[in-house]
Structure formats: structure tokens, C-alpha cells
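Residue numbers (the numbering used here), protein chains in the order written: chain A, 830 to 976; chain B, 830 to 976; chain C, 587 to 666; chain D, 587 to 666. The beta-carbon is built from N, C-alpha and C at its ideal position, and this holds for glycine as well. Only a predicted model underlies this, so the values are computations on that prediction, with no experimental measurement involved. Here's the structure, in C-alpha cells; my notes come after.
Here it is in C-alpha cells:
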């Protein structure tokens, strides 16, 4: 398992080779890339910010839990922070597995959980001059006594 | 759309950048990699062979049809042929889309169709000395008059 | 006892600080800290429920805090 | 008329050739060509249904062939 927050560009091919083992027949890579629009507004640039240590710990927990539920091999998640431009890769999830079905399903579950559990934020700067912290998902807080 | 059969190593990152446009927020990459075993036998090496022109045409048809059914952007499929070693990438499918759900679903559908429709074959050489054309899927043949 | 409060993203803008140290009575809960923090926000709009992590775990307001705890206030997340 | 037959993978091993040219009566169907080809395979094991593509399209045995057609015999496929 390899989870990281980085300020450097992410190379999907590197991550593929990092997760692949000789027993795996499939690797599914998910890449989030910076789009030029959001809800009709033209996006010019954006910045990601993370609560880094907690973000990495949450990504590791997600990988552990998803890894235990599917027949997968190694998992990697890397999220970029700092200033990004349109087309830059913000996130890569790499899942290796002996068979593709598990790789696709695990990848899907990891991205859904990242979007609601990992403390990372996005500030969008629009072509019309505005700049806002993108509204996001409210993480679930455990019930008292369950933490 | 970019579909190809190649004897050279495939770089997933190249394909990601090839399919990505500024309107896309997600790219899903599927990589088939050469495994070290098949049905309990230890695989040492393998070779892929293609009916190249037809293989490319079928991959293009699949991309057209899948592209029409999902809200996706550009699609790319590259299959490697010739001698491959354990860990080599045999196939990459890249699907860019504004939203990730469509990218995952289209990717999934493309790989399922490639495995049953595209004229490509695999010869496995086992550690115990055997060497066979791997059994595969019988493509559907259209009914008379429908072709 | 003393706890460290971290404010990220939109909350950093609201509180005008990335990190503050606060003194609290022994045995204070996260809920008590949240009240203190809300009072500092003045008229700024905050969600009805402020999500916080204590020592990097999402925590309910009933959580009892300890000296040296790191309490991070987590705006709605938008990674991906 | 003359058609080109292509044999791939396991079929190339069976027929000992990658490509052969065959003369057929005008108006022959793919089915007729399949019979000719089966006869050449001798005792080699071939699937009950031989899948073939005419000019790179999978084709039913009723397909009428034309001079210059390229007929490929397609063993079960295993790409991916």
C-alpha cells in the first residue's frame, strides 16, 4: 500500500508499476484531472489543500478496508496539492488484482470514499474573476462511544 | 479515438494525455498485464498475435459504439503483440469523461467486448516446458442477412 | 489544559488563522471547544454542524479532550 | 474466382500455412469454402463451428464470396 499527498506532478505509469506484482493480470488506474468548468462557470485554475497527515492516514485506512473486501493485490493513492492548471492530474488511484472485476470495483469504492472522507479541499478560480472553496461532502462523524 | 496494435511497450501516461480534454474530470485506465500463472500452471513468457487490420477496426467499432452509449470524451485502446514477459503491459484502455461514472462503465464495457470480439491470440509458455495457444472466446457471427 | 486548533480552507478564512492554542478546563468535551470556537467566528456563517477531528480522527462532540490534543475543524471535503 | 485464406494462431499450426490462395466456382458461399478448408486439415481437431471473417467482418456461412475476398479463419480470441 502506498498513500501520499504530494506537491509534484503524479505519473500514473509509475504508480502502475508500483502496485503491479507478478500475480496480477489487471491494473485499474483512476485519474482525476482538472476540468475547465464547474456548474456552468469557466474555471481558470485551482488549488488543492490537505490536512496532510490525516489525509494520508484516511487514504491508508480506506485502502486497508477496501483491500480486505476485494481480491486485490497492492493499492496506491496519491493526491496532489498546491496550484494546479487545467489538465493537471489531481489524483491517481492504482489497484492491481489477479482479475479485472475486483480491480474495477475496488477502484470505484476507493474514489467514492476519498470524496467523502479524506480532508482535502479545492479552491477554484473562475474566468469571471470569482474564487471560492468548492462546496464538498460533509464527512460522517462516528456516534459517541464508537470512536 | 485512437486504436492501435503495436510491438512496442505501451505507456499508460501517454494514453491518458492523448484522451484527456479540458472538459474531462476523470480518466479511467485499464491495463492488462502478463501474469505468472494460468489455471495453476506457472507461466514463463507469452506471445500475442493479432489479425492486425481487423483487430484495429474492431477496436474502433467498439469504441464508437461504447462512446455513443456513455457520456464520455475521447477513447483509446492499444494492444501489444509479439513476445511479452511477466509484468509487461499487454493492453491499455483509456477513457476520458466529464464524470467518473461514465468513464468506469465505458472502460468496463470496452474490455469485456475486446475479450470476445477482437481477433487477438495468446500463446503461453509454461515453466514445465509446455506451450499452448490459450483457449479463448468464440466471437459471435451475425445471422445471415444482418451482416 | 491546552489544545491546538487547526483551521483549514474556508475555515482558515473565517477564523483568520491556521492554528490557535486554547486553554480549556480539564475534562472539557469537543462540544465545549466548538462553542468557544463558534464564539470567535463572530457573525461569519458556519454550518450548523462543525465537523472536527481529534488527533486526526473524526470525533463526536461528546469526545472528552485531553491536554495536547490536536483538534482540526474540517470544512466539507472536496478531494478527488 | 480466387479467394485468399488467412490462418492465425492455432489454425496456422493446423494448416501449416499463414495464407493460401484457393480457386472456387463463382457464387460459392463461405460454407463451401469452409468444407474445402476442413478437408485440408485432415485429421486435425477443429471446432464444430469454424468462425471466419470475410474482408475483416465476421460472416455467416451463407455469405456469398467474391473474387479477391480475404477470408480469415479466427480461432477463439484471447486478447486483453
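Run the CB neighbour count on residue 633/D, radius 10 Å, all protein chains shown included, and call it buried at 16 or more, exposed below. Translated into the one-based positions of the fourth chain, residue 633/D becomes position 47. That one is exposed.
Tell me the DSSP bridge mates of residue 605/C? In the third chain, residue 605/C corresponds to position 19, counting from 1. Residue 605/C is bridged to 592/C.
What did DSSP end up calling residue 909/A once you bin it into helix, strand or coil? Locating residue 909/A in the first chain gives position 80, counting from the first residue. In the three-state reduction of the DSSP assignment, residue 909/A falls in the strand class, which pools E and B.
Closer than 8 angstroms, Cβ to Cβ, to anything on chain A: give me those residues from the segment 588–605 of chain C, in chain order. Contact residues of the segment 588–605 of chain C toward chain A are 592, 594, 595, 596, 599 (C-beta to C-beta distance below 8 angstroms).
Would you mind giving the Cβ-Cβ distance between residue 592/C and residue 604/C, rounded to the nearest angstrom? I have them listed as a contact below 8 angstroms. Position 6 of the third chain, counted from the start, is the residue given in the question as residue 592/C. Position 18 of the third chain, counted from the start, is the residue given in the question as residue 604/C. Yes, they are in contact, since the Cβ atoms of residue 592/C and residue 604/C sit about 7 angstroms apart, within 8 angstroms.
How about residue 648/D: is its C-beta nearer than 8 angstroms to some C-beta of chain B? Along the fourth chain, read from residue 1 onward, the residue named residue 648/D stands at position 62. Yes, contact with chain B.
Does chain A have any CB closer than 8 angstroms to the CB of residue 654/C? One-based indexing of the third chain puts residue 654/C at position 68. Using a Cβ-Cβ cut-off of 8 angstroms, residue 654/C does not count as an interface residue toward chain A, since no Cβ of chain A sits closer than that to its own.
Under 8 angstroms, with one C-beta from each stretch per pair, do the segment 909–923 of chain A and the segment 852–870 of chain A reach the 3-pair mark? Three or more Cβ pairs closer than 8 angstroms define a contact, and the segment 909–923 of chain A meets that threshold against the segment 852–870 of chain A.
Is the distance from the Cβ of residue 899/A to the Cβ of residue 935/A below 8 angstroms? What you label residue 899/A is simply residue 70 of the first chain in a count that begins at 1. What you label residue 935/A is simply residue 106 of the first chain in a count that begins at 1. Yes; because the gap between Cβ atoms is below 8 angstroms, this pair is in contact.
Output, in sequence order along the chain, the residues in the segment 842–860 of chain A whose CB is closer than 7 angstroms to any CB in chain B. Taking 7 angstroms as the cut-off between beta carbons, the residues of the segment 842–860 of chain A near chain B are 842, 845, 849, 851, 852, 853, 854, 855, 856, 857, 858, 859, 860, in sequence order.
To the nearest angstrom, report how far apart residue 601/D and residue 627/D are at their CA atoms. Sequence index remark: in the fourth chain, residue 601/D carries index 15 (1-based). Sequence index remark: in the fourth chain, residue 627/D carries index 41 (1-based). If you take the alpha carbons of residue 601/D and residue 627/D, they lie about 6 angstroms apart.
Helix, strand or coil: which one does DSSP assign to residue 598/C? For the purposes of this step, residue 598/C is identified with residue 12 of the third chain, where counting begins at 1. In the structure shown, the three-state DSSP call for residue 598/C is helix.
Quick one, are the C-beta atoms of residue 594/D and residue 623/D less than 8 angstroms apart? What you label residue 594/D is simply residue 8 of the fourth chain in a count that begins at 1. What you label residue 623/D is simply residue 37 of the fourth chain in a count that begins at 1. Not a contact, by the Cβ cut-off of 8 angstroms.
Taking only beta-carbon positions, decide if residue 949/A is within less than 8 angstroms of chain C. The count along the first chain starts at 1 and reaches residue 949/A at position 120. With a threshold of 8 angstroms between beta carbons, residue 949/A makes contact with chain C.
Residue from 950/A, 850/A, 969/A whose Cα sits closest to the Cα of residue 881/A: Reading the first chain from its first residue, position 52 is the one you call residue 881/A. Among 950/A, 850/A, 969/A, the Cα nearest to that of residue 881/A is on 950/A.
Tell me whether residue 888/A is buried or exposed, calling it buried when 16 or more other Cβ atoms sit within 10 Å of its Cβ. Locating residue 888/A in the first chain gives position 59, where the first residue counts as 1. Buried is the call here.
What residues in the segment 900–917 of chain B bring their beta carbon closer than 8 angstroms to a beta carbon of chain A? Within the segment 900–917 of chain B, the qualifying residues are 915, 916.
Taking only three categories from DSSP, how would you classify residue 881/A? Walking along the first chain from the start, residue 881/A turns up at place 52. DSSP places residue 881/A in helix when its eight states are reduced to three.
Nearest-angstrom Cα distance between residue 836/A and residue 907/A? Translated into the one-based positions of the first chain, residue 836/A becomes position 7. Translated into the one-based positions of the first chain, residue 907/A becomes position 78. A straight-line Cα-Cα distance of about 10 angstroms links residue 836/A and residue 907/A.
With a cut-off of 8 angstroms, does the C-beta of residue 577/D fall near any C-beta of chain B? Missing from the structure shown is residue 577/D; chain D here goes from 587 to 666 and no further.
So what does DSSP say about residue 874/A, is it helix, strand or coil? Taking the first chain and counting its residues from 1, the one referred to as residue 874/A is at position 45. Strand.
Starting from the Cα of residue 896/A, find the closest Cα among 831/A, 964/A, 971/A and give me that residue. In the first chain, residue 896/A corresponds to position 67, counting from 1. Nearest in C-alpha terms to residue 896/A, of all of 831/A, 964/A, 971/A, is 831/A.
Nearest to residue 630/D (by Cα), restricted to the options 646/D, 665/D, 596/D, 614/D: As a first step, residue 630/D must be located in the fourth chain, where it is residue number 44. Minimum Cα distance to residue 630/D is reached at 596/D.
For residue 911/A and residue 852/B, I'd like the C-alpha separation in whole angstroms. Position 82 of the first chain holds residue 911/A. Position 23 of the second chain holds residue 852/B. Just so you know, the alpha carbons of residue 911/A and residue 852/B end up roughly 21 angstroms apart.
Between residue 980/A and the rest of its own chain, which residues show a CB-CB distance below 6 angstroms, the 5 nearest in sequence each way excluded? Since the first residue of chain A shown is 830 and the last is 976, residue 980/A is not available in this structure.
How would you label residue 959/A, buried or exposed, when you count the other beta carbons within 10 angstroms and need 16 or more for buried? The residue you call residue 959/A lines up with position 130 of the first chain. By the neighbour-count rule (16 or more Cβ atoms within 10 Å), residue 959/A is not buried but exposed.
Rounded to a whole number of angstroms, what is the C-alpha to C-alpha distance between residue 876/A and residue 855/B? Start at 1 with the first residue of the first chain, and residue 876/A comes out as number 47. Start at 1 with the first residue of the second chain, and residue 855/B comes out as number 26. Their backbone Cα atoms lie some 17 angstroms apart in a straight line.
Counting only C-beta atoms, is residue 642/D closer than 8 angstroms to chain F at any point? The structure shown contains no chain F; its protein chains are A, B, C and D.
Strictly by DSSP, which residues pair up with residue 866/B? As a working note, residue 866/B is residue 37 in the second chain. Beta-bridge annotation (DSSP): residue 866/B is paired with 871/B.
Sheet register partners of residue 832/A (DSSP bridge): The residue labelled residue 832/A in the question sits at position 3 within the first chain. Looking at the DSSP assignment, residue 832/A forms a beta bridge with 906/A.
How many whole angstroms separate the CB atoms of residue 891/A and residue 939/A, which I take to be in contact at a CB cut-off of 8 angstroms? Counted from its first residue, the first chain places residue 891/A at position 62. Counted from its first residue, the first chain places residue 939/A at position 110. With 8 angstroms as the limit, residue 891/A and residue 939/A qualify as a contact, their Cβ atoms being about 6 angstroms apart.
By DSSP's criteria, residue 960/A is part of a beta bridge. Which residues make up the other side? Translated into the one-based positions of the first chain, residue 960/A becomes position 131. Residue 960/A is bridged to 954/A.
May I ask which residues mark the beginning and end of the beta strand (DSSP E) holding residue 656/C? Taking the third chain and counting its residues from 1, the one referred to as residue 656/C is at position 70. Residues 656–659.
Out of 904/A, 913/A, 884/A, 948/A, which one is the CA nearest neighbour of residue 843/A? Along the first chain, one-based indexing puts residue 843/A at 14. Sorting 904/A, 913/A, 884/A, 948/A by C-alpha distance to the C-alpha of residue 843/A places 904/A at the top.
When burial is assigned at 16 or more other CB atoms within 10 Å of the CB, is residue 625/C buried or exposed? Start at 1 with the first residue of the third chain, and residue 625/C comes out as number 39. By the neighbour-count rule (16 or more Cβ atoms within 10 Å), residue 625/C is not buried but exposed.
Please determine, among 834/A, 850/A, 833/A, the residue with the shortest C-alpha to C-alpha distance to residue 927/A. The sequence position of residue 927/A within the first chain is 98, counting from 1. In this structure, 850/A is the residue among 834/A, 850/A, 833/A with its C-alpha nearest to the C-alpha of residue 927/A.
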